[in-house]
Structure formats: C-alpha cells, structure tokens
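Down below is the structure, laid out as structure tokens.
Protein chains: 2
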Amino acid sequence: MTDPVFDAFFSPRGVVVVGVSQDPAKLGYGLARNLVASGYPGAIHFVNPRGGTLLGRPVQPNIPSVPDPVELAVLATPAAATVDALRACHARGIRAVIVASGGFKEVGAEGAAIEAELAKVAAELGVRVIGPNCIGLLDTHVPIDTTFLQPPAPRPGEIAFVSHSGAVCGAVVDYANGRGFGFSRMVSVGNQADLTETDLLGPAADDPHTKVIALYLESVGAGPRFVDVAGRVSRRVPVLALKVGRSPAGQRAAASHTGALAGAESAWDAAFRRAGIQRADGLEEMFDWARALAWCPLPAGRAMAVLTNAGGPGVIATDSLEEHGLALAALTDATQRALRAILPAAASVANPVDMLAAASPQLYAEALGLLLVDAGVHGVIVLSPPPPLYTPEAIAEALIPVAKAATKPVLVGLLGAYLVNKGAALLAEARVPDYRFPEQAASALAALVRRGEWLAQVPQEEGTMGKTRSEAAWETIEQALAAGGGWLSPEATTSLLEAYGIRMPRLQAAGSAAQAAELARMMGFPVVMKVASPDITHKSDVGGVVLDLRTTDAVAAAFEKVTGAAKAARPGARILGVHLQPMLPKGQEVIAGAVRDPQFGAQVMFGSGGVEVEGLKDVAFGLAPLPRAEAEEMLERTWAGKKLRGFRDLVPADREAVVQTLLAFSRLVADFPEIAEAEINPLRALAEGQGAVALDARIRVAKPAG
Amino acid sequence: MTDPVFDAFFSPRGVVVVGVSQDPAKLGYGLARNLVASGYPGAIHFVNPRGGTLLGRPVQPNIPSVPDPVELAVLATPAAATVDALRACHARGIRAVIVASGGFKEVGAEGAAIEAELAKVAAELGVRVIGPNCIGLLDTHVPIDTTFLQPPAPRPGEIAFVSHSGAVCGAVVDYANGRGFGFSRMVSVGNQADLTETDLLGPAADDPHTKVIALYLESVGAGPRFVDVAGRVSRRVPVLALKVGRSPAGQRAAASHTGALAGAESAWDAAFRRAGIQRADGLEEMFDWARALAWCPLPAGRAMAVLTNAGGPGVIATDSLEEHGLALAALTDATQRALRAILPAAASVANPVDMLAAASPQLYAEALGLLLVDAGVHGVIVLSPPPPLYTPEAIAEALIPVAKAATKPVLVGLLGAYLVNKGAALLAEARVPDYRFPEQAASALAALVRRGEWLAQVPQEEGTMGKTRSEAAWETIEQALAAGGGWLSPEATTSLLEAYGIRMPRLQAAGSAAQAAELARMMGFPVVMKVASPDITHKSDVGGVVLDLRTTDAVAAAFEKVTGAAKAARPGARILGVHLQPMLPKGQEVIAGAVRDPQFGAQVMFGSGGVEVEGLKDVAFGLAPLPRAEAEEMLERTWAGKKLRGFRDLVPADREAVVQTLLAFSRLVADFPEIAEAEINPLRALAEGQGAVALDARIRVAKPAG
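Note that the protein sequences, when read in sequence, are chains A and B.
Be aware that the first sequence starts at 138, since it is given in this note's numbering, and climbs by one per residue.
Be aware that the second sequence starts at 138, since it is given in this note's numbering, and climbs by one per residue.
In structure tokens:
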C-alpha cells in the first residue's frame with residue numbers, strides 16, 4: 138500500500154552523503170559521522186569534489202562515481218547546488234533524497250525560488266524529497282541514521298516521531314536519552330518541499346517496531362488529507378500530537394457568532410478528534426503518554442488501583458486520576474483479605490493500597506500481583522519515593538516481571554530524580570513506563586483509557602459520508618454567486634435549508650404596516666416580526682425583532698417601530714419592510730453554525746444560542762460532514778446539548794430532531810464549499826416528537842479560495 | 138513576633154535524639170546519622186537505655202542524664218513511651234519536641250488515644266510538639282537535619298517546604314537533588330497533634346534565607362486562621378501550595394444552587410485567592426514556580442522576549458506564554474538594529490529572536506543583554522536544545538553573569554535531559570531557573586507576573602473588615618433558631634436582607650383567590666405570584682411561580698393554578714396561599730449565594746442565575762466577608778458579571794448596585810455563622826442608576842457546629 142520509495146528512505150541498500158566535510162563543525166561531517174556510528178548495515182558512500190577519505194572510507198569526487206548499491210542520497214550541498222545534485226541522483230538511479238542543507242525558503246525570496254525549483258524538478262523526475270532544511274531521518278532497528286544530531290543517537294524503541302522542527306528533534310532525543318527511552322523511527326520534515334508529515338504517517342505506522350506515533354506540528358498544508366490519512370493510521374497505531382502556533386479564537390471580525398467563536402484552534406481540535414489523535418499540551422506530556430501507549434496493554438475500563446508505600450503520593454495519584462475522569466477501583470473482599478495476609482497490620486488494604494514505608498521489593502511485587510488479578514481493577518499505578526530500607530532499583534527489579542506479564546497496564550512512579558535514577562533506567566530498559574511524579578502516571582493512564590474507548594467506538598462505516606449535494610440548493614447558490622455572493626436573502630436561505638430537510642417557519646414579507654397587519658390576520662396570531670434588510674445580519678441588535686404580536690393593531694404599530702429602529706441604528710441600510718412568521722410553541726433554543734477553516738474546510742459549531750452565545754462560549758466544534766456519533770458527542774460536550782434531555786423544571790426537547798438538523802446542516806456546508814459562513818440562531822427544539830425549527834438563519838456564499 | 142520556641146526547633150543550641158539505634162534499618166539510627174552528617178554546629182546528644190556509643194559519640198541512658206546545652210528533643214521511642222519521654226524532656230528544660238515515631242492516630246483508636254494524651258500533656262506543660270508520625274525538620278543554613286530521610290540531604294537553598302506528608306518530602310528532596318536546587322527549611326508536620334502547617338508558616342518566612350514557601354497540604358484544621366496567617370506571610374514571601382484530596386463539587390444533596398455548586402474545592406480556591414497563595418496543579422509545577430520566585434526579580438509587566446537558536450522551541454514558548462496571558466514584547470527598532478548587527482543575516486531579530494543553530498555562547502550572552510535593556514521587555518526566556526557546535530555548559534556559563542546582573546527575570550530552558558545536564562547543574566548552582574521544556578519556563582514566568590500583580594493590588598486596609606452585625610437581624614435569626622431552625626419564612630428573609638440594605642420587592646400574602654385579586658389591584662399591575670409554602674424552596678420547579686399578571690381575573694385564576702400545581706407536585710407540603718409582588722422593570726438577572734464550608738466558613742457565590750445556573754456553572758466563589766476588590770474580581774471572572782457592562786443589544790445594568798449587594802450579602806453571612814445557606818436567585822440588576830433587587834431569596838439557619 139505504501140509507496141516503495143519509503144523503503145529506500147528507511148531501509149536503503151546503500152546511502153550516499155553528498156557534500157561530506159572533514160570539519161567536525163560542518164553538517165557534512167555530522168551526517169557522515171552519524172551514519173557510520175549508527176551501524177547501518179548497507180553500503181555507505183561519501184561524495185566531495187576533493188575526494189580523499191573520511192572516517193576511513195573513500196570519498197567519491199561526484200555522484201556518478203558512486204558504486205552500487207545506492208538507493209538514498211543525503212545532500213549537504215549549498216542550496217544553490219541542490220537542484221543539480223538532485224538531477225545527478227536521479228541519473229544515478231536514486232529515487233529518495235534528503236536535503237539536509239538550509240538556505241531555502243526559511244531565508245527569504247531567493248531561497249524560496251531555489252526551493253520551488255527543487256520541488257518542480259523532483260516532481261518531473263519522480264524523485265521524492267525530504268526537506269530541505271531538515272535534520273533527516275533515522276531508524277534505530279535497521280539501523281540507519283541520516284541526521285546530524287549531536288551524539289549519542291537515540292536508543293532503539295517503539296515510538297516514531299515526526300517533527301516539523303529539527304531543533305525539537307534534538308531536544309526530544311536528548312530528553313529521551315536522559316530518561317532511558319528510545320525511538321523506532323524519527324523524521325524531521327523541514328520545509329516540506331515535497332514530502333509532508335502526512336506522507337510520513339503511513340511509513341511510520343508500517344514499521345513493525347512502531348507502537349505509537351508522536352507528531353510535533355506547526356501547520357499542515359492539506360488539512361482534509363491529513364485528517365483522512367491520520368484517521369486511518371490511528372485505527373492501527375495510536376497517534377499523539379503537539380500542535381503549536383496557537384492562534385486565539387475570535388480574532389476575526391465577527392460577521393456571525395460562529396465566526397467570532399471559531400478559529401484555527403477549534404478546527405485543529407475538531408480535526409484531531411475526527412482523526413482519533415490525542416492532542417498533548419506539551420512535549421513532556423506527549424512522551425509521558427507515548428511510553429504508556431507503546432508499552433502497555435489497553436485497560437478494559439476506568440477503574441484503577443494505586444499501590445504505594447506512603448499516603449501522600451497515593452492521595453496525589455487519586456486526585457489526578459479523578460481529574461482525568463478515572464476512578465479508584467473498589468477492591469473485592471478476596472483481594473483485600475489477600476493483601477491483609479501479606480501486609481503489616483497498620484497498612485491500608487483499601488484502594489489506594491498503602492503498604493507503609495518499610496515495604497520490601499517482594500511485597501511490592503506480591504501486592505501488585507494481587508491487584509492485577511482483581512477483575513474490578515483495570516490498571517495499576519505503583520508509587521515509591523526513595524524507600525528507607527531498600528534501593529529503588531530493587532523495587533524496580535521486583536516489579537518488572539509482574540508488570541511485563543500483566544494483561545493490564547502497570548505504570549510506575551519512582552518519585553524523585555536522583556536516588557531513583559538507576560531504578561528508573563531499569564524500568565525504561567524493560568519497557569515499563571515510569572514517571573517522576575504521580576500526576577504524570579495518572580495522565581498517561583488516562584491516555585490509555587481514551588485510546589481504548591476510542592477504538593471501541595470508532596465508526597467502521599467510513600463509506601457513508603459521501604456527498605449528498607442537492608441540485609436545487611446548487612441553483613440557489615449559483616444565482617447568489619452570479620450576483621457577487623454575500624449574505625443570501627431570507628427566501629434563498631430558507632430554500633437552501635429546506636433542500637436539506639431543515640425546517641424553517643413560514644416567512645412572508647410585508648412592505649407596509651397595513652400589508653403586515655393583513656398578512657398576520659391570515660397567518661393566525663401570535664406572530665413574530667423581523668425587519669427585512671439585506672444589510673442587517675444581527676437583527677435583534679438594532680431592535681429589528683418583535684415577538685408575540687397578538688392583534689392587527691399591534692402588528693401595524695410594530696411595523697413602524699421595527700423599521701424606524703432599524704433606520705435609526707443603521708442609517709445606510711436598505712430597509713425593505715418586514716418579515717412575518719407564526720410564533721412557534723416554546724422550546725429550547727440552541728445555535729448551529731459553520732465557518733470555513735483555511736486548513737480543514739467547513740467546521741460546524743453547536744451550542745447555547747441566543748444573544749449570549751459569545752459570552753458563555755458553551756459551544757463545541759466538529760468537522761463537516763459530521764458522523765452521527767460525533768454530532769451526539771458535540772451535544773454531550775455542551776450544556777445546551779445536555780439539557781435537551783430536560784433539567785429540573787426545563788422540559789425535555791426533541792433531541793433527535795436537533796441531531797438530525799445538525800447532521801443535515803453539516804452535510805449542506807460540506808457539499809458546498811461556496812458556503813463561507815452559515816448560522817442557524819436560534820434553532821428551537823420543540824417538545825419531544827415535535828421537531829426542531831430554525832427560527833432565524835443566515836448564509837453567506839463566496840467563490841471558494843482554491 | 139514569632140514564638141521563641143521556634144528558635145529551639147530550627148536553631149537549638151543542643152539536640153537530643155531519644156531512642157537512637159545501632160540498626161541502620163531503624164528510625165533511631167537514621168535520625169542520628171542525618172543529624173551528625175548535617176554538620177549541625179550545636180551539641181548532639183543521644184539517648185538509649187542501653188548506653189554505649191553511636192557514630193563515635195556517647196549514648197546517655199536517659200533524658201535526665203543529657204548534659205547542657207539541649208533545647209530540642211527528637212523522639213524515636215515507641216508510641217506508648219512518648220508521653221513519658223515528653224514529661225522527661227520538660228523536666229530537663231526542653232520546650233521543643235519532635236515526635237518522629239509512628240503508631241498514633243494513623244493506626245487506629247488505640248494510637249489516637251495516645252496522641253490525644255500526648256497533645257494534652259504537651260499543652261499542660263507548655264511544650265510544643267511537631268508530629269507525631271513525621272520525618273522532622275531541617276535547616277540547611279544552620280545547618281541542622283532532624284529527619285531520617287535517605288541521604289544525600291538537600292543542599293542549601295531558598296525554598297522553604299512545609300508538608301503534610303513525609304513521603305512527599307522524600308520524593309521532593311530526591312527530585313531537588315537530581316535537579317540541583319535546594320531548600321532553606323523543610324518541615325514535615327505529621328499528625329499535627331500540636332503544631333500545624335499554619336503555625337510553621339511564620340517561622341518559615343522569618344528565616345532570612347527563605348525566598349519562597351511551598352506547601353503540600355491535605356487539609357487544614359482552622360481554615361480562617363490559615364487564611365489570615367498565610368495572607369500576612371504572603372505579603373512578605375510568596376507562598377505556593379499543592380492541595381490534594383480534591384473532592385468534586387456538587388456532591389451534597391442540593392438544597393440550593395449554591396449548595397450544588399459549592400464544595401471544598403471552591404472554598405480552597407477562594408481561601409488561596411484571599412491569602413495570595415498561588416495554587417499549583419502538581420509537585421513539578423510548584424517547584425518550577427518556586428525556583429523562579431526564589432531567584433528572580435519580579436517583572437514589571439506582561440511583555441516577554443524569547444531568545445532561541447531554533448524556531449520550534451521559540452514557537453512552543455510563545456504559545457505557552459499566550460496561554461498564560463502573557464505577551465511577546467514588541468522590540469524597539471534600536472534593539473532590532475543592535476541584534477541585527479551581531480546576528481547572522483538569516484536570523485530573526487523580531488521576537489522570538491532566533492539566532493540560528495550556530496549561535497555561540499557569547500552571542501547568547503550579548504543578545505540577552507540587548508533584550509534586557511529594551512524597556513518594553515519585562516522578562517526573557519532563553520532556549521537552547523543541545524547546540525551542534527558548543528556544549529550546553531558553555532551556553533550556561535555565558536548566560537549566568539548576564540542573568541544574575543539583570544533586574545528583570547531571565548528563565549532558561551536547556552532542552553533535553555542528557556547532554557544538557559551539566560549546563561543545567563551550573564545554572565541551578567548559580568540560581569538561574571532552568572527548565573527541561575519551554576512550557577515550564579513560560580508557566581514559571583507567569584507565576585512571577587501573578588506575584589507582581591498581586592503585590593501591586595493587595596489591599597493594605599485590613600482593618601475595615603470587622604463585623605457589622607445588625608441587632609434586628611440577630612432577633613430574626615434567634616427566633617428562627619428557637620423554632621428549630623430551617624428555612625426562614627419569606628417575611629423573615631426579607632427582613633434579614635433589608636437589615637443589610639439589600640432591596641426586596643414588597644411582598645404580600647393572600648390566602649384566597651379573591652384576596653389575591655384585591656391585593657393585586659391595590660398594588661398595581663402587573664404583578665408576580667408565588668406559591669406560599671414553608672416546604673417548597675425551588676418554587677419554579679413545581680409550577681409555583683406566575684409572572685406578568687395584568688388583571689384581577691388573571692390573578693384569581695393564577696391563584697388556583699399555582700396552589701393546585703404545588704399541591705399536585707408536593708402532596709405533603711403545607712400550602713399557605715400565595716405571595717404577590719409588583720412586577721419589576723426588566724434587567725439582568727444574576728445569582729448570589731452562600732454556603733458554609735467546614736474548613737473556611739462562609740463562602741459566597743456569584744454568577745449567572747436562573748434555572749440553568751447549575752448547568753452552565755458560570756459562577757465564582759469568594760470567602761465572606763468580601764473585600765471590595767475581590768467582589769469586583771468575582772464579577773470579572775464570570776460572564777454574568779462581565780455582561781453587566783452591556784454586550785451587543787444587552788443594555789448595561791447597575792453594576793455598582795450588584796457589587797454593593799454582593800458585599801452586603803457577604804457581610805450578612807459572615808456576621809451570622811447561624812446562616813447555614815442563603816441564596817438570592819435571581820438578583821435583578823436594573824438599568825444603570827436604578828439599583829438591584831432580590832426577586833427571590835431563601836435563607837436557612839442552624840445552630841453553628843462549633
């Protein structure tokens with residue numbers, strides 16, 4: 138399935154480093170040094186016009202002279218020379234090229250031009266490129282190391298790391314070396330002239346040594362493809378991401394509540410949720426999670442046991458578990474009796490199990506064993522500050538065989554950073570996740586739980602999300618675009634929503650007070666009146682809405698009031714009269730909105746509506762089109778959605794109709810990239826079985842950017 | 138000011154360890170070993186009935202034989218022997234005793250009885266006790282170490298640590314030893330039979346070496362005293378706390394919205410805010426903050442510079458700064474020009490300043506110096522993953538003199554955990570805070586900013602918060618208590634609130650439909666009707682409230698409806714008729730509530746009112762009585778409070794009247810510990826200058842527990 142060129146990148150039969158140097162301060166030296174030091178079993182070739190030898194190996198004067206086998210080239214040549222080098226690689230039969238050198242778009246226009254040429258030539262020749270301006274890649278199991286990272290190289294491991302920053306790779310490798318864990322593969326994608334993080338997700342997951350993928354992301358070019366590829370990869374291998382370059386929400390001029398609340402961050406969150414990617418808040422957290430996901434079985438539930446030799450750390454872990462939505466397991470009587478039999482009298486055999494300070498390594502191992510056989514325990518955190526009578530390494534050694542044999546996750550916290558270091562190293566070597574603080578162990582256990590729950594619920598029905606584009610709707614949009622785009626008329630808005638089965642109240646226009654009164658009489662009281670103006674979107678802001686009109690006189694008076702208020706508030710606006718609609722039964726009012734994110738396309742918002750939506754921010758976002766499970770989850774993430782089931786004297790509303798409306802709305806905006814912004818506010822959910830009605834809506838169309 | 142007994146604890150002229158042991162596995166050995174190893178300059182005495190020598194020193198057979206000087210005793214005797222030992226200490230002239238031994242209330246009733254006796258005898262004799270069941274205390278500057286922690290002991294430092302858990306002390310010391318920072322004083326308070334964390338705050342702050350106090354808390358006995366003492370201490374020395382044993386809010390049966398939303402956690406947060414204590418989410422975070430607060434000057438503002446040798450770490454730091462409410466400083470042209478003159482052409486001289494990977498230690502130092510002289514920069518984060526051409530220790534050495542000379546905070550992130558370790562140790566030795574990840578540096582910088590801002594705004598007018606207890610109110614409460622307590626009648630509630638200047642609508646009772654109609658006619662339409670029942674608190678939940686009655690007929694009909702609905706919903710409830718009040722002008726509705734926390738007394742809640750208050754949780758808590766600044770801050774922390782200034786078409790309301798009502802309400806509940814629970818819901822804030830009116834309120838009184 139994966140392009141065989143990735144074999145040439147990760148397990149080539151031969152590698153040439155072009156532009157090697159004798160100067161240890163140069164890139165071309167670091168690359169050669171690491172490749173040789175990695176123990177790479179294939180052929181290693183060096184190229185430099187000066188020839189000679191480097192690290193005891195011959196240096197070829199040019200690429201054509203490189204002997205077989207050679208499948209991967211790593212270029213350390215000056216930027217200006219890379220295009221020629223690329224051509225020479227192609228001529229030599231090389232299809233995989235890493236451009237480590239800098240001097241491209243990161244330094245300005247001139248470099249950008251070279252980079253564009255590099256990408257163009259690579260595409261023409263069918264050569265795939267990682268970089269430029271990257272530190273390259275490594276695979277610790279082949280092994281191969283085409284980076285110029287400071288030694289020591291990372292040790293073999295189960296975590297694949299794909300990074301938009303080479304410096305972050307350097308920091309992460311040094312952190313991992315200090316903490317005793319390793320990597321399966323690591324790739325720094327640099328400027329991504331050709332291959333992107335998305336392209337490398339599949340190859341990272343295909344590696345049988347990879348048990349988890351960690352991503353450091355600054356942005357992605359093709360959002361929908363990233364979501365699609367990552368979503369498929371994360372069904373096989375858990376994917377974690379640290380996404381940086383956060384832009385606060387609501388920075389844009391707000392033409393709708395959705396526009397004010399949505400932003401790149403809400404789109405990223407929605408994208409990660411859709412793709413099943415767990416988003417970490419920082420690097421340390423991401424690798425805390427990664428070790429657990431790489432090394433532990435998934436827990437079958439949320440009930441955890443804590444095993445400790447002191448109260449304080451146990452309380453910290455308990456707090457932290459609860460904060461993450463996990464619970465302390467209720468230990469069975471049998472478990473408690475068995476613990477009682479081996480523990481001192483003053484020990485606590487309820488969860489957290491406190492064995493007291495004198496607990497021996499053997500006691501740790503035995504108690505852990507007892508907790509693991511309790512069917513109500515889904516995972517265990519084992520804690521030990523430097524114990525007074527034993528060494529942390531003795532504790533670690535006793536725990537390791539029990540933890541490794543377990544079918545439930547066991548996470549350890551040897552608490553400290555000095556006396557515990559040897560024990561911590563033993564645990565890392567044995568692939569038992571170990572943490573410096575109880576909070577980190579609890580956070581990692583929660584990541585395991587989320588992974589298990591996501592796998593259990595992830596929809597397998599990927600095929601059902603095809604386009605459902607309505608021809609009638611397209612005509613409406615086409616006409617609006619022909620007229621220059623912008624906000625649709627109320628009639629066009631209604632027709633668009635109705636084409637997707639979204640109910641709107643009958644809406645009729647009146648140009649005078651008398652006409653309005655007559656219309657209301659025919660419609661039946663009470664009615665609602667709204668000012669009719671193509672220039673006013675937030676009608677209630679200008680006094681342009683009046684509810685519950687019960688007589689023809691009241692309607693006539695309201696006509697003057699509404700149009701007058703609108704004129705006063707917006708002197709330049711065109712006022713066409715008013716719209717009337719029957720006043721509907723009471724219900725719960727919510728908001729559904731959509732805006733288009735430049736990276737991920739349409740994102741849909743759901744939440745508390747009304748004028749206060751922006752203040753309360755009781756909203757959730759998802760990518761359009763929404764799968765049903767995700768629409769349901771958006772309801773559950775908001776108070777607006779939760780209370781549809783009723784709360785105190787608030788009667789239940791037609792929740793199913795809200796779900797259906799949200800799904801239809803998400804299909805509408807997914808079908809038509811021409812819809813730049815849309816909002817139903819409020820959507821009134823009537824009593825159960827009575828449906829939901831879009832009381833007001835606005836839709837803006839524009840020619841799609843792409 | 139501080140009791141001189143604390144000198145006997147922290148800098149005694151002589152110390153006796155009672156119950157020393159030759160067995161390295163015993164407490165009595167560990168205590169002796171650490172005291173000797175600490176280099177304590179006073180007299181060291183050992184007591185054990187067997188006599189002999191230990192660590193080359195004589196062992197006295199009993200306490201009376203201990204020669205002068207001796208001011209502090211550390212007991213490692215069995216629990217049952219501690220009371221006699223305490224008496225012997227007193228007879229020997231010792232007023233300060235640490236009981237390290239366990240076997241007290243932590244092991245059950247028998248131990249608890251011994252502990253009670255110990256406390257009683259200590260109080261009788263005027264001996265002060267730390268413990269029992271504690272690891273003791275240490276001061277690294279005296280130096281003295283009366284703990285039995287595993288060596289190595291902590292190094293001298295500026296952080297005082299007071300802990301409810303000895304095991305957490307052990308973990309924290311090992312962490313600090315690994316990270317290269319130290320402590321001024323450390324105390325484990327154990328079971329707190331006598332001295333508590335609150336008693337030790339003053340002594341910790343009095344130590345001239347202490348620059349910051351860190352607390353690990355599980356609970357405090359006397360909440361108001363803790364808040365008072367900590368509040369005074371934190372004006373001098375910053376105080377940080379990790380509070381564990383979180384109990385989720387809203388667990389109690391909810392008799393009011395406030396009762397449902399308030400909990401121990403909201404009270405702790407309010408207490409910490411009042412006392413100026415910064416609450417950390419975990420141990421690592423607390424010590425990340427502590428190092429910065431101990432070692433750095435406070436920033437004059439929120440504009441920060443980031444100096445890095447690579448883009449990725451700079452982006453991470455920027456994100457993190459923004460997440461904490463800090464900003465990137467806009468560098469002056471002069472700064473940018475000066476940076477341009479020393480940096481390579483491709484470097485970025487805008488903030489974050491990226492010097493590129495080849496940046497030398499000298500360049501780091503020079504660029505840092507340039508950033509520090511920019512008046513718009515209030516603090517700097519300096520980042521370096523292991524650099525390719527230099528050692529991290531060379532970077533550290535170059536940075537240290539510049540950072541130490543600065544009048545602005547400089548926080549460093551040598552990113553990694555292996556190659557960077559030597560550089561990190563140099564920074565810690567020089568008291569320059571250093572972090573493994575950029576996120577941690579940003580979090581610590583934010584803690585510095587919060588400290589500076591708190592010091593700038595903390596009210597100096599402590600005397601103005603005295604009791605304002607109203608006699609009229611006391612009579613009302615006394616009567617209700619005499620009748621067994623419980624919910625006050627509407628009349629009593631009104632009278633209580635009015636005694637504190639809180640406006641209520643005129644409220645009149647009617648026992649029949651005809652009486653209600655007549656009353657309404659006299660009152661003037663429209664009116665509001667509420668069922669009158671001492672047994673129904675949430676009246677709207679039972680259909681017991683009708684608004685906007687405009688005719689006598691409507692009033693009469695509503696009487697039947699309201700009383701009928703209440704009877705149907707609560708068959709057992711006493712229905713006395715209805716209450717009528719004039720319907721008020723529109724406004725914004727908020728909630729004010731109060732409940733009594735067992736640790737901290739009355740906590741006041743403010744937020745979004747209405748039936749949805751429990752769902753939206755748009756509420757803030759504070760301790761009663763509220764200082765004005767804190768009441769204002771509670772408004773600013775909620776959307777309900779923010780929107781009082783107006784938002785879109787929501788007209789501004791009388792915010793000042795809301796503040797005054799909240800202050801008065803907080804005085805009421807502070808004045809009367811007999812008020813167990815009170816709630817104004819809704820409090821309607823009328824248009825500006827029109828005041829605020831408590832539309833509905835309920836108050837429950839009960840004999841105070843204490």
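Built from N, CA and C at the ideal position, the CB exists for glycine as well.
Within 8 angstroms of the CB of Val443 (chain B), no CB atom of chain A is found; the nearest one sits about 13 angstroms away.
From the listed residues B:Arg477, B:Asp491 and B:Ala540, the smallest Cα separation to Ala502 (chain B) is found for B:Ala540. Residues of chain A with a Cβ closer than 8 angstroms to the Cβ of His301 (chain B) are, in chain order, Gly449. Ser677 (chain A) belongs to the set of residues whose beta carbon lies under 7 angstroms from a beta carbon in chain B. Residue range Glu334 to Asp343 is occupied by the alpha helix (DSSP H) that includes Pro340 (chain B).
When C-alpha distances from Phe143 (chain B) are compared across B:Glu421, B:Lys667, B:Leu352 and B:Ala341, the shortest belongs to B:Ala341. Glu530 (chain B): member of the alpha helix (DSSP H) spanning Pro529 to Ala542, first to last residue. Phe758 (chain A) carries a strand assignment under DSSP once its states are collapsed to helix, strand and coil. Proximity of Ile812 (chain A) to chain B, defined by a Cβ-Cβ separation below 7 angstroms, is not satisfied. Scanning the segment 537-583 of chain B for uninterrupted alpha helix (DSSP H) segments of 4 residues or longer gives 558-566, listed from N- to C-terminal end. Less than 7 angstroms separates the beta-carbon of Leu551 (chain A) from that of Pro529 (chain A). Annotation for Gly828 (chain B): Arg640, Asp791 and Ala794 place their beta carbon closer than 7 angstroms to its own, counting only its chain and skipping 5 residues before and after. DSSP places Ala651 (chain A) in the helix class (H, G or I) of the three-state scheme.
7 angstroms or more divides the Cβ of Glu814 (chain B) from the Cβ of Gly400 (chain B).
For Ala757 (chain B) and Leu772 (chain B), the gap between their C-alpha atoms comes out near 8 angstroms. With respect to the 7 angstroms criterion, Gly156 (chain A) and Ala213 (chain A) are classified as neighbours on the basis of their beta carbons. Exclusion of the five residues before and after Arg588 (chain B) leaves Pro375, Gln415, Leu430 and Leu435 as the residues of its chain whose Cβ lies within less than 8 angstroms of its Cβ. Here the alpha carbons of Ile350 (chain A) and Pro201 (chain A) stand approximately 37 angstroms from one another.
Sequence-distant Cβ neighbours of Ala483 (chain B) in its own chain, meaning closer than 8 angstroms and more than five residues away, are Leu493. Residue contact with chain A for Ala162 (chain B): present (Cβ-Cβ distance below 7 angstroms to some residue of chain A). Thr469 (chain B) and His515 (chain B) have their C-alpha atoms spaced approximately 13 angstroms apart. Judged by pairs of C-beta atoms under 8 angstroms, the segment 700-716 of chain B touches the segment 663-676 of chain B, as three or more such pairs exist. Take the alpha-carbon of Leu721 (chain B) and the one of Ile614 (chain B): they are about 28 angstroms apart. In summary, the residues of the segment 565-588 of chain B whose CB is separated from some CB of chain A by less than 7 angstroms are Arg573, Phe574 and Glu576, in the order they occur in the chain.
Here DSSP, grouped into helix, strand and coil, assigns Glu816 (chain A) to strand. Spanning the alpha carbons of Val309 (chain A) and Phe424 (chain A) requires a straight line of approximately 9 angstroms. In this chain, Gln736 (chain A) is not harboured by any alpha helix (DSSP H), its DSSP state being neither H nor E.
With fewer than 16 other Cβ atoms from the protein chains shown falling within 10 Å of its own Cβ, Val788 (chain B) counts as exposed.
In this model, Ala824 (chain B) and Phe802 (chain A) are separated by some 39 angstroms (Cα to Cα). Not one beta carbon of chain B lies nearer than 7 angstroms to the beta carbon of Val357 (chain A).
Within the DSSP secondary-structure output, Thr190 (chain A) pairs in a beta bridge with A:Pro195. The DSSP-derived three-state label of Ser670 (chain B) is coil. Just measuring C-alpha positions, the residue of A:Gly752, A:Leu800 and A:Ile181 sitting nearest Ala766 (chain A) is A:Leu800. Here the segment 313-321 of chain B lies against the segment 274-289 of chain B, with 3 or more beta-carbon pairs under 8 angstroms apart. Distance from the Cα of Gly176 (chain A) is smallest, within the candidate group A:Val207, A:Leu465 and A:Ala290, for A:Ala290. Residue contact with chain B for Leu420 (chain A): present (Cβ-Cβ distance below 7 angstroms to some residue of chain B).
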